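Protein chains in written order, with the numbering used here: chain A, 26 to 313; chain B, 13 to 106. Don't be surprised by glycine CBs; every beta carbon is placed ideally from N, CA and C. Model, not experiment: these values are computed from the prediction. Working notes for the structure below.
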């Protein structure tokens, strides 16, 4: 059958283009404009050139926050992806257990981010929180307000609790799409549980894992609300990630020029890392 | 319509006009020679000419950032020249 070629499809794309223009392109252009100027308000701007970029790129504050972000994202991915796969593999594939498990898994995702932060802030408190109080009763010296390691552990556990469900649901969607014939063939061949996972389940989950990996990387790299509510970037600056630093700079100090320069650098880092992950994973997928 | 809230300057306007012209140019190139000219270059994965433009622009951004971070913002035209050489290299070999 011969394909019909016309340009009507462009009109279908037009609403998305308009939406993206207003929600992303115009704000991005404005941030670029701010990043080369200085302002004291009242819509008055003074040319600063590349000064803010130099200031940000040569400051310890930026590199420290970036390092914290990269470490946080690496830990989150190292925990949530394997844990998500393990939980998805052990979820029931049929029967009443399926909807029960799916609802339970979806529950953390339905809670707004600031509420999650508040829950864990209270949960971790030594005086009234269940976690903090229990740990203290067990003789463990835990205080996320004063100890940087405790603050990091709290944030990591909170993020794992909040977002592993997303990885589970995506992996589960990949698993249930595998036809039974694959498992039957593996059974006839006497394949081990590991072989079934390695050669059937993992390849079939690859695409959803790519989505899960990218979503979790971008989200953890841009995390703001939960650490802001739980630790406010402290103790000291130990949990001050780039996003928190950015808000402190833009709203706390009203340094809009440096904050805009930091935003652009932050955006470019996210873009580069996402592109690398996407390219590596899609290329290995195509080769396999 | 008043766009003063966007705080436009001539250099940033020229920057975005250049990006827009590049995209229009790529559109015309695609119209003249459809298919995106996919090929496998030195990075050992398939790229179209749109991918190569993306890699060129992203790489150029980081060349400029590195120049600003390590060079203190002096003689930025050298960073631009390096970016052009890099982009030609990407379109030729990637």
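Minimum C-alpha distance to residue i - residue among the options
{"i": "residue 138 (chain A)", "options": "A:198, A:281, A:233, A:180", "result": "A:180"}
{"i": "residue 46 (chain B)", "options": "B:62, B:77, B:69, B:32", "result": "B:62"}
{"i": "residue 222 (chain A)", "options": "A:157, A:64, A:203, A:83", "result": "A:203"}
{"i": "residue 145 (chain A)", "options": "A:51, A:86, A:176", "result": "A:176"}
{"i": "residue 243 (chain A)", "options": "A:257, A:211, A:293, A:213", "result": "A:293"}
{"i": "residue 205 (chain A)", "options": "A:90, A:169, A:304, A:226", "result": "A:226"}
{"i": "residue 247 (chain A)", "options": "A:287, A:117, A:129, A:260", "result": "A:287"}
{"i": "residue 106 (chain B)", "options": "B:97, B:80, B:51, B:39", "result": "B:51"}
{"i": "residue 284 (chain A)", "options": "A:58, A:43, A:214", "result": "A:58"}
Partner residues on chain A for residue i, Cβ-Cβ distance less than 7 angstroms
{"i": "residue 81 (chain B)", "result": "82, 83"}
{"i": "residue 20 (chain B)", "result": "58"}
{"i": "residue 57 (chain B)", "result": "304, 308"}
{"i": "residue 88 (chain B)", "result": "75"}
Close-in-space but distant-in-sequence residues of the same chain around residue i (CB under 8 angstroms, 5 per side omitted)
{"i": "residue 75 (chain A)", "result": "61"}
{"i": "residue 73 (chain A)", "result": "61, 62, 63, 282"}
{"i": "residue 102 (chain B)", "result": "64, 67, 68, 71"}
Host beta strand (DSSP E) of residue i (start-end)
{"i": "residue 70 (chain A)", "result": "70 to 72"}
Closer than 8 angstroms at the beta carbon, the chain A residues around residue i
{"i": "residue 74 (chain B)", "result": "293, 297"}
Residue i: contacting residues in chain B (beta-carbon distance under 7 angstroms)
{"i": "residue 290 (chain A)", "result": "77"}
Under 9 angstroms from the C-beta of residue i: neighbouring residues of chain A
{"i": "residue 17 (chain B)", "result": "55, 68"}
{"i": "residue 84 (chain B)", "result": "79, 83"}
Own chain partners of residue i with C-beta closer than 6 angstroms, once the 5 adjacent residues on each side are dropped
{"i": "residue 34 (chain B)", "result": "none"}
{"i": "residue 93 (chain A)", "result": "266"}
{"i": "residue 110 (chain A)", "result": "196"}
{"i": "residue 86 (chain A)", "result": "none"}
{"i": "residue 255 (chain A)", "result": "142, 145, 146"}
Segment limits, alpha helix (DSSP H) that includes residue i
{"i": "residue 244 (chain A)", "result": "227 to 246"}
{"i": "residue 62 (chain A)", "result": "First-last for residue 62 (chain A): 62 to 64, but that is the beta strand (DSSP E), not the alpha helix (DSSP H)."}
{"i": "residue 33 (chain A)", "result": "33 to 45"}
{"i": "residue 254 (chain A)", "result": "250 to 255"}
{"i": "residue 76 (chain B)", "result": "61 to 83"}
Chain C within 8 angstroms of residue i, Cβ atoms only
{"i": "residue 23 (chain B)", "result": "Of the protein chains in this structure, namely A and B, none is chain C."}
Sequence-distant residues of its chain with Cβ nearer than 7 angstroms to residue i (five each side left out)
{"i": "residue 233 (chain A)", "result": "195, 196, 198, 199"}
{"i": "residue 99 (chain B)", "result": "68, 72"}
{"i": "residue 105 (chain A)", "result": "185, 188, 189, 192, 241"}
{"i": "residue 224 (chain A)", "result": "none"}
{"i": "residue 134 (chain A)", "result": "190, 191"}
{"i": "residue 126 (chain A)", "result": "116, 117"}
Closer than 8 angstroms at the beta carbon, the chain B residues around residue i
{"i": "residue 35 (chain A)", "result": "Ordered by position in chain B, no residue passes the 8 angstroms Cβ test against residue 35 (chain A), which lies about 11 angstroms from the chain."}
{"i": "residue 61 (chain A)", "result": "21, 23, 24"}
Neighbour list for residue i in chain B, Cβ cutoff strictly below 9 angstroms
{"i": "residue 300 (chain A)", "result": "66, 67, 70"}
{"i": "residue 179 (chain A)", "result": "The premise fails here: residue 179 (chain A) is roughly 33 angstroms from chain B at the closest Cβ pair, so nothing lies under 9 angstroms."}
beta-carbon residue i near the ligand COA non-hydrogen atom, thresh 7 angstroms
{"i": "residue 52 (chain B)", "result": "Ligands are entirely absent from the displayed structure, and the ligand COA is therefore not among its contents."}
Positions along the segment 28 to 45 of chain B whose CB lies within less than 7 angstroms of some CB in chain A: 28
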